[in-house]
Structures are given as C-alpha cells and as structure tokens.
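Novice:
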Amino acid sequence: DRFGRARILQITIAWFSFFAFLSGFAQNYEQMLVIRVLQGLGFGAEWAVGAVLLGEMINPRHRGKALGTVQSGAAIGTGLAAVLAGPFAAMFDPDLGWRIVFWIGIAPAILILFVRRESDDSEVFKQAAQRSREIGRRTGLGDIFRARILPTTILAALLSLGVQGAAYSISNFLTVFLTAERGLPMATAGMCVLFNSAGGFFGFLTNAYISDRIGRRMVFRLFGIGFILTAAFYLFAPLGSSVPALMAAGFIYGFFQFGSYASFGPYFTELFPTEVRGTGQAFAYNFGRATSALFFTGVAMVAATGVVLSTAMAVFAIGGACCSILATFLLPETAGRALVGLDELDASAPSKSIGAGAVTES
251 DRFGRARILQ ITIAWFSFFA FLSGFAQNYE QMLVIRVLQG LGFGAEWAVG AVLLGEMINP
311 RHRGKALGTV QSGAAIGTGL AAVLAGPFAA MFDPDLGWRI VFWIGIAPAI LILFVRRESD
371 DSEVFKQAAQ RSREIGRRTG LGDIFRARIL PTTILAALLS LGVQGAAYSI SNFLTVFLTA
431 ERGLPMATAG MCVLFNSAGG FFGFLTNAYI SDRIGRRMVF RLFGIGFILT AAFYLFAPLG
491 SSVPALMAAG FIYGFFQFGS YASFGPYFTE LFPTEVRGTG QAFAYNFGRA TSALFFTGVA
551 MVAATGVVLS TAMAVFAIGG ACCSILATFL LPETAGRALV GLDELDASAP SKSIGAGAVT
611 ES
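Note that the sequence shown covers residues 251 to 612 in the working numbering.
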C-alpha cells in the first residue's frame, strides 16, 4: 500500500524462494523451525500482494474467474509436491531426498525476471497513491482498524479463519487418518492425497467461474455446506480400505475443501478501499492462516485424550465451516464492484462512521 504492488511482489518471491532453498540445509529441528517461519513470512506476503495486483487490473465482471483460476495453481503445486516427494525419497539416501525437494524451491525465483519486465502497478493504485501524496497521508497497519473499516476487517478475518481452520483440521492429518484408521500403506495414502488435490483443482475453477454469476457470499455458502457434507462422508462412511472408493471420496471432498479458497482474492479486493487494500487483504487472509493453527492443534490435543482421530477432525472442521458461513451473512455482496467507486466512497465518508456499510456499500 505504501511502496507499490509490483516491487513488493518481486521481493516476496525472492524471499520465500530463498528460504525454501535454505530449508534443505537445516541440520536439526530448531534450524528448520526458524527457516520455515522466515519462509512463511514471504509465502503469506506473496499471496496477498499478487492477489491485490491482479484484482485491481481485471475487469470487475471477470475478477472472480481470473483470481480463482490463478489460485488453482495451489492445487497443482500440492499435487506436484506429492508426486516429487516419493521418487526423490526412493532414488536418494533418506537424508538427501527430502533436501533435494526443498532445493527445487528456488525455482520460483526465476519468475522475478518476468515480473520485473511485464508487471506494473494498476492505475487505480497509482491514483490512490497520488491522492495520498497530495494530502500528505501515509498508510499503515492501523488504518484497517479505523472505525468505518474495522467491521469489514473483523468479518473478513473471521471468514478466512473459518475456511482455513476447517481445511487444515483435516488436511494436516489426512495421511495419518488414511494409514491409521483406513489401514492404507504410506505410498497408497499419498496417491489418495493426490486425488484430493486433483479435486481441489476443479473446485478452484468451478468456484472461480460461478462466483461472478451468483455472487461471492453465495459461493462461500455453497462450498461451505458442500465441505461439511463431503468431509463427514469421507471420514465416517464405511469405505474400509477400498482405495478406489477413498480416491473418489477424496476427489469430491477436495473439490469443496480447496474450492472455497478461490473467492478470497476477488472478495477481499472488493471489500477494502485501494489505500489499505494490500494491508486489509493480507491481514484478513493471513490472520485466518495463522490462527487456523489453533484448529489442528486442537485436533491433536483432543485425539491425544483417546478420542478417535476422525471424530476430532470432524468436530473442528465442521465448526470452522459453520464460522465461515456465518460471516457471509454479516458481510455485503460485492461481485462486479468497481474499485474506483469504492475509493471515492471511502474518501468522502466521515471518519466517525462505524457502520460496515460505510466502506462496503457503493
């Protein structure tokens, strides 16, 4: 919000690529912990900056399709990681194979060359930056907690917490569930996870397409309800150790688990005015990402008391999904919103206003 989207995008790509690469040199748990935290700083920043940059440039009628399609790469990346991990573990010494996978993480740094040549800040950002310079105003983290923006910040963070907490409550324990409760070998469990990612890819694309048609709130609700139903079936249906059945159920569950993420970018872009869009979008999304740790930590703690793992996973996952659905009833619909109009509304709104509508209605 202060230094521009394109410049910070280059820095974040270089940052997380370098620390992904450095992870391959960790010699103990403590080193890996520190390196992964540092890598996460760049990883979280890259999503926020990239989503803001693209969201500001795309025609409002196609914003959902564009950002959702781009984010479908997350499912492809998860699948590639699952595919690469096995062969490298088998081809090399156990202490070397996993390191090579991390070293491959330097590859995204090549994108910096493309970003430097092809990317520039959006016109809507340049206009907002010019207005800020004229009035001598500098944006900061505290701006998203101003009275007229605070309700939007809180509710967007709640939505993010619900979606990501629900997803991580299952995905972080998926391999353990498949091996311990379903009795699958580790390699077979990995293939089931791959089908989960494949379903997620189609979920991203479907969400991206329909969100421009039926609205951001409705698509979050539909995918939230779909997540609850398919997660319950995946965890409790009497599928036994049938690999085809688990792959099919995992594909459908992955469709809804990953698919919900596709609307974060366009929805958050349309909720926050340009002067604080990067800050608001980054805070809301990454608040959910960080605090979702409470969900999968809770799953582990409950399971440690003797509760069946799948039951603990379901309780936290369904609770998170319900939280996200509730948030959509408190936030406004924004599909197709023109960002310039939102900025003009924000500039003219009195600072003492405390209604969410002051920043979200146009």
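Virtual Cβ for every residue (Gly too), placed ideally from N, Cα, C. Just so we're clear, the structure is a prediction, and the values are computed from it rather than from any experiment.
#1: Give the single residue among Ala588, Leu317 and Ala416 whose Cα lies nearest to the Cα of Gln507.
#2: Give the list of continuous beta strand (DSSP E) stretches no shorter than 3 residues that lie fully inside the segment 315-395.
#3: Would DSSP call Leu581 helix, strand or coil?
#4: Beta carbon of Asn457, beta carbon of Ser510: below 9 Å?
#5: Measuring alpha carbon to alpha carbon, tell me which of Gly347, Asn422, Ala430 and Leu330 ends up nearest Phe544.
#6: Buried or exposed for Asn309, going by 16 or more other Cβ atoms inside 10 Å?
#7: Quick check: the Cα distance between Phe445 and Pro523, rounded to an integer number of angstroms?
#8: Can you confirm whether Arg257, when its beta carbon is compared against all beta carbons of chain C, has any partner nearer than 9 Å?
#9: With burial defined as no fewer than 16 other Cβ atoms inside 10 Å of the residue's Cβ, what is the status of Arg313: buried or exposed?
#10: Skipping 5 residues on each side, what residues in its chain have a beta carbon closer than 7 Å to that of Ala567?
#11: Note the first and the last residue of the continuous alpha helix (DSSP H) segment covering Thr403.
#12: Between the segment 345-357 and the segment 265-277, are three or more C-beta pairs nearer than 8 Å?
#13: Does DSSP put Asn446 in a helix, in a strand, or in coil?
#14: Can you tell me which of the three DSSP states Leu246 falls into?
#15: Taking Cβ positions, are Leu408 and Ser574 nearer each other than 9 Å?
#16: Report the three-state DSSP secondary structure of Ile308 (helix, strand or coil).
#17: Where does Gly586 fall in DSSP's three states?
#18: Can you tell me the Cβ-Cβ gap for Arg466 and Ser513, rounded? I've got them flagged as a contact below 8 Å.
#19: Using a 10 Å radius around the Cβ and a threshold of 16 neighbouring Cβ atoms, would you call Gly329 buried or exposed?
#20: What residues in its chain sit with their C-beta under 7 Å from that of Tyr459, if we drop five residues either side in the sequence?
#21: Let me confirm a value: Glu525 is counted as buried when at least 16 other C-beta atoms fall within 10 Å, else exposed. Which label applies?
#22: Please report the straight-line C-alpha distance between Gly515 and Ala301, rounded to a whole angstrom.
#23: Pairing CB atoms from the segment 432-447 with CB atoms from the segment 488-499, are three or more of them under 8 Å?
#24: What number of angstroms, rounded off, separates the C-alpha of Leu580 from the C-alpha of Leu405?
#25: Using only CA atoms, which one of Ala298, Trp265 and Thr541 lies nearest to Arg286?
#26: Quick one: any contact between the segment 494-501 and the segment 530-540, if contact means 3 or more CB pairs under 8 Å?
#27: Count the other CB atoms within 10 Å of the CB of Arg252; is the residue buried (16 or more) or exposed (fewer)?
#28: By how many angstroms is the C-alpha of Leu576 removed from the C-alpha of Ile475?
Specialist: Taking the geometry as given:
#1: Indexing the sequence shown from 1 puts residue 507 at position 257. When each option's Cα is compared against that of Gln507, the closest is Ala416.
#2: none
#3: Looking up residue 581 in the sequence shown gives position 331. Leu581 falls in the coil class under three-state DSSP.
#4: As a position in the sequence shown, residue 457 is number 207, starting the count at 1. As a position in the sequence shown, residue 510 is number 260, starting the count at 1. Cβ atoms of Asn457 and Ser510: closer than 9 Å.
#5: Looking up residue 544 in the sequence shown gives position 294. Per the sequence shown, residue 544 should be read as Leu rather than Phe. The shortest Cα separation from Leu544 among Gly347, Asn422, Ala430 and Leu330 belongs to Asn422.
#6: Indexing the sequence shown from 1 puts residue 309 at position 59. Counting Cβ neighbours within 10 Å, Asn309 comes out exposed, since fewer than 16 surround it.
#7: Translated into the one-based positions of the sequence shown, residue 445 becomes position 195. Translated into the one-based positions of the sequence shown, residue 523 becomes position 273. Spanning the two alpha carbons is a distance of roughly 38 Å.
#8: The chain inventory of the structure shown lacks chain C, comprising one protein chain alone.
#9: Along the sequence shown, one-based indexing puts residue 313 at 63. By the 10 Å Cβ count, Arg313 comes out buried.
#10: In the sequence shown, counting from the first residue as 1, residue 567 sits at position 317. Closer than 7 Å at the Cβ level, and outside the excluded window around Ala567, lie Ala416, Ser419, Ile420 and Ala481.
#11: In the sequence shown, the residue the question calls residue 403 occupies position 153. Run containing Thr403: Leu400 to Ser421, per the alpha helix (DSSP H) assignment.
#12: yes
#13: As a working mapping, residue 446 is identified with position 196 in the sequence shown. Asn446 falls in the helix class under three-state DSSP.
#14: Here the chain covers residues 251 to 612 and nothing more, so residue 246 does not appear.
#15: Here residue 408 is taken as the residue at index 158 of the sequence shown, counted from 1. Here residue 574 is taken as the residue at index 324 of the sequence shown, counted from 1. A contact, by the Cβ cut-off of 9 Å.
#16: In the sequence shown, residue 308 corresponds to position 58, counting from 1. If DSSP states are grouped into helix, strand and coil, Ile308 belongs with coil.
#17: Numbered from its first residue, the sequence shown carries residue 586 at position 336. Of the three classes helix, strand and coil, the one that applies to Gly586 here is coil, per DSSP.
#18: Here residue 466 corresponds to residue number 216 of the sequence shown, with the count starting at 1. Here residue 513 corresponds to residue number 263 of the sequence shown, with the count starting at 1. Yes, they are in contact, since the Cβ atoms of Arg466 and Ser513 sit about 5 Å apart, within 8 Å.
#19: Looking up residue 329 in the sequence shown gives position 79. Answer is buried; the Cβ neighbour count reaches 16.
#20: As a first step, residue 459 must be located in the sequence shown, where it is residue number 209. Excluding sequence neighbours, Tyr459 sits near Lys315.
#21: In the sequence shown, counting from the first residue as 1, residue 525 sits at position 275. The residue in question, Glu525, is buried, as its Cβ has 16 or more Cβ neighbours within 10 Å.
#22: Position 265 of the sequence shown, counting from 1, holds the residue named residue 515. Position 51 of the sequence shown, counting from 1, holds the residue named residue 301. Approximately 5 Å, taken between the alpha carbons.
#23: yes
#24: The residue given as residue 580 occupies position 330 in the sequence shown. The residue given as residue 405 occupies position 155 in the sequence shown. The straight-line gap from Cα to Cα measures roughly 7 Å.
#25: To locate residue 286, count along the sequence shown from 1; it is residue 36. Checking every option, the nearest Cα to that of Arg286 belongs to Trp265.
#26: no
#27: By 1-based counting over the sequence shown, the position of residue 252 is 2. Answer is exposed; the Cβ neighbour count stays below 16.
#28: As a working note, residue 475 is residue 225 in the sequence shown. As a working note, residue 576 is residue 326 in the sequence shown. Roughly 11 Å between the two C-alpha positions.
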